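For the sequence shown, the residue numbers in the numbering used here are 52 to 176. Positions of the beta carbon are idealized from the N, C-alpha and C atoms, including for glycine. In this text, all values refer to a predicted model and were calculated from it rather than measured experimentally. Notes to accompany the following structure.
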Amino acid sequence: MTLVSDEQTSQSSIVRTERGLTIAGTRITLYLFMDHLCAGHSPESFRQYFPQITDEQFNVALSYIEANRAEVEAEYQIVLMQAEERRQYWQATNRERIARIAAMPPKPGQEVLRAKLQACKANLA
Numbered sequence: 052m053t054l055v056s057d058e059q060t061s062q063s064s065i066v067r068t069e070r071g072l073t074i075a076g077t078r079i080t081l082y083l084f085m086d087h088l089c090a091g092h093s094p095e096s097f098r099q100y101f102p103q104i105t106d107e108q109f110n111v112a113l114s115y116i117e118a119n120r121a122e123v124e125a126e127y128q129i130v131l132m133q134a135e136e137r138r139q140y141w142q143a144t145n146r147e148r149i150a151r152i153a154a155m156p157p158k159p160g161q162e163v164l165r166a167k168l169q170a171c172k173a174n175l176a
């Protein structure tokens, strides 16, 4: 189902797939665009993250988001909520395994690397 006007080529239209609103002929969803827009990036600055699409496809995606802002934002919020639910599920499912791995001593010869990793983690916290 094509969701953009007929004057635009089917190659650069927005379609609804099982992944959601997607640029036709790609696997790039409009939710990826929304990630960048919500992070405050200008369209020019995040264009580099999508080298596989044409300028026309990029512009059609931005135009579609602007023309259908309420619908796209509502779907984007649902996508974010589902992603957070999946993250929490997998974190809970693997909590014990992650703790066991973290408690393991470093392999012989990797003590220096392990110390650097721990220092980086401490700086981030």
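Check: Out of curiosity, what's the CA-to-CA distance linking C171 and R148?
Finding: 22 angstroms
Checklist line | Unbroken alpha helix (DSSP H) run spanning I149, endpoints | finding: Residues 146-154.
Check: Who pairs with T73 in a beta bridge, going by DSSP?
Finding: V66, T80
Item checked: Rounded separation between Y140 and R146 - CA only -> 10 angstroms
Notebook entry, point to check: Which residues bound the alpha helix (DSSP H) around N110?
Noted result: 106-118
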